[in-house]
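Numbering (the numbering used here), first residue to last: 115 to 425.
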Ligand code: NAD
C-alpha cells in the first residue's frame, strides 16, 4: 500500500480508501458478517481510511461498520462520515440536526471522535445555508473535540467549488469525476489547491458501471454510456485482465487526490483491489479502452437543485 497526506491536515492515509456505502445494501444485499470481514481484510492489507454516512442503508452501513471496528486500535484508521442526508429525499442541513447526527454516528461507530465529517450531497440543499449554518455547526463540534476536520461532498463540481470559495473547508469529496469515463475533476483541482482544500476522490468504478457485472438498476448514466462500459469490460476480458483493475489503476494513479474510495463489500473484492490498484495501467490497454469509451466521455447527469449544477 502507498500513503499520501491529506494536505492541510495532520492526516496521512492509504491511496486506496474503503468506501462503506455497499454495507448499507446500496449495491444489493450484503450479509453483515461478509461486510465485517471485508472491513477487517482491508485494514489487514494496509487500508487506513474509511468513508461512511448515516444515509447508506439508512444507518445500516454505520451500524455494520461500528461492529467491524469494535476492538480495532482507534489509531489504526482514519474515519470519515457525513451529515445532512438521511434518505433518498430526506435532507436536513440545519444546525440542530447536524449536532444530533454526529452524536448518533459516534454511538453507532463506537468511537469518541470522528476524523472527518462532511456535509453530504450539498447540491440538494441551499448552499448559503450550508455555508452559514451547516459548516459553522460542524466547526462548533470541532471545537468541542467530537470531530477533527470538516468538508463537503457532492456530484456537481460547481457546487463543491462554490462552497470552497465561500467557507473554510479541510476537504471536498468528489465522486465519478475522476474515472476512465470522466476526468473533469482534474480541471477543478487547481482551484481547490489554491483554496487550501484537499480533494478526496470516490467511485473510481463509476458506481459499478466500470465492472464486468455492470451498473446497478438505479445508475443515473445514460444507456449509451453503460453500453460503452460493457464493451470496455469485454476488451479487458479478451486481454486476460479486468476493467475493475484498469479503472482502479487509472484513478489511484492520479496524484491530485489524497485517497480514492472504492466500495468493496466482500473479502475477495478487497484482495483483488489492493492487489490490482497499485502500479501504472497498461498503456496499450488504456488506449484501446479509451477509444471504446470515447462516445461516453465526460457525459454527466444533473444532481440536486438545477442552480447548484451551474458554474
Ligand atoms: P464504486 O465506483 O467504488 O463501485 C462500487 C461497486 O463496484 C460495488 O458494486 C462493488 O461491489 C463493485 N466492485 C468493487 N471492486 C470490485 C471488483 N474487484 N470486482 C468486481 N466488482 C467490484 O462506487 P461507490 O461504492 O459508490 O463509491 C465508493 C465510495 O465512495 C462509497 O462507498 C462512498 O463511501 C463514497 N461515495 C460518496 C459519495 C458522496 O459523498 N456523495 C458518493 C459516491 C461515493
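All C-beta atoms in this analysis are idealised placements derived from N, C-alpha and C, irrespective of residue type, glycine included.
Could you tell me whether the Cβ atoms of residue i and residue j are closer together than 9 Å?
i, j, result
"residue 231", "residue 265", "yes"
"residue 287", "residue 316", "yes"
"residue 236", "residue 194", "no"
"residue 138", "residue 172", "yes"
"residue 269", "residue 292", "no"
"residue 216", "residue 249", "no"
"residue 298", "residue 422", "no"
"residue 262", "residue 177", "no"
"residue 330", "residue 142", "yes"
"residue 214", "residue 205", "no"
"residue 168", "residue 247", "no"
"residue 183", "residue 153", "yes"
"residue 240", "residue 413", "no"
"residue 360", "residue 343", "no"
"residue 220", "residue 260", "yes"
"residue 419", "residue 207", "no"
"residue 305", "residue 279", "yes"
Spatial neighbours of residue i within its chain, please: C-beta separation below 6 Å, excluding the five flanking residues on both sides.
i, result
"residue 135", "170, 377"
"residue 156", "132, 384"
"residue 119", "126"
"residue 121", "312"
"residue 309", "278"
"residue 115", "128, 160"
"residue 351", "none"
Counting only the same chain and skipping the five closest in sequence on each side, list residues whose C-beta sits under 8 Å from that of residue i.
i, result
"residue 362", "130, 318, 319, 374, 376, 387, 390, 391"
"residue 148", "379, 380, 381"
"residue 355", "396, 399"
"residue 425", "272, 275"
When you compare each of the options to residue i by their alpha carbons, which one comes out closest?
i, options, result
"residue 393", "329, 413, 365, 277", "365"
"residue 411", "140, 224, 339", "339"
"residue 117", "224, 199, 360, 160", "160"
"residue 465", "201, 209, 191", "For residue 465 there is no data in the structure shown, the boundaries of the chain being 115 and 425."
"residue 285", "151, 174, 247, 267", "267"
"residue 282", "256, 301, 357, 295", "256"
"residue 417", "234, 146, 310, 181", "234"
"residue 140", "158, 175, 115", "175"
"residue 341", "407, 115, 202", "407"
"residue 332", "202, 146, 115", "202"
"residue 186", "212, 337, 151", "151"
"residue 210", "254, 337, 115", "254"
Apart from the five residues on each side of it in sequence, which residues of its chain come closer than 7 Å, Cβ to Cβ, to residue i?
i, result
"residue 334", "415"
"residue 224", "180, 183, 184"
"residue 301", "none"
"residue 303", "313, 370"
"residue 336", "413"
"residue 229", "125, 192, 193, 194, 262, 263"
Can you list the alpha helix (DSSP H) stretches of 4 or more residues lying completely in the stretch 280 to 329, in chain order? Secondary structure in the stretch 280 to 329: the alpha helix (DSSP H) runs of 4 residues or longer, each lying completely within the stretch, are 299 to 308 in chain order.
Please determine if the stretch 393 to 410 and the stretch 122 to 130 are in contact, where contact requires at least 3 C-beta pairs separated by less than 8 Å. No, because fewer than three Cβ pairs between the stretch 393 to 410 and the stretch 122 to 130 fall closer than 8 Å, the two stretches do not touch.
Hey, which unbroken runs of the beta strand (DSSP E) at 3 residues or more fall wholly within the stretch 122 to 195? Taking only runs of at least 3 residues, the beta strand (DSSP E) segments lying wholly in the stretch 122 to 195 are 126 to 128, 130 to 133, 163 to 165.
Three or more C-beta pairs under 8 Å: does that hold for the stretch 193 to 212 against the stretch 156 to 172? Result yes; three or more Cβ-Cβ pairs closer than 8 Å.
Meets three-Cβ-pair contact criterion under 8 Å: the stretch 313 to 329 and the stretch 347 to 357: A contact between stretches requires three or more CB pairs, one per stretch, nearer than 8 Å, and the stretch 313 to 329 meets this requirement with the stretch 347 to 357.
Contact the stretch 360 to 377 vs the stretch 298 to 314: 3+ CB pairs below 8 Å: The stretch 360 to 377, when compared against the stretch 298 to 314, does touch it at the 8 Å Cβ threshold.
What alpha helix (DSSP H) runs, 4 residues minimum, are completely inside the stretch 370 to 413? The qualifying runs are 381 to 391, 397 to 407.
Any chance you could list the alpha helix (DSSP H) runs of at least 4 consecutive residues sitting entirely within the stretch 182 to 262, in chain order? Correct list: 209 to 223, 249 to 257.
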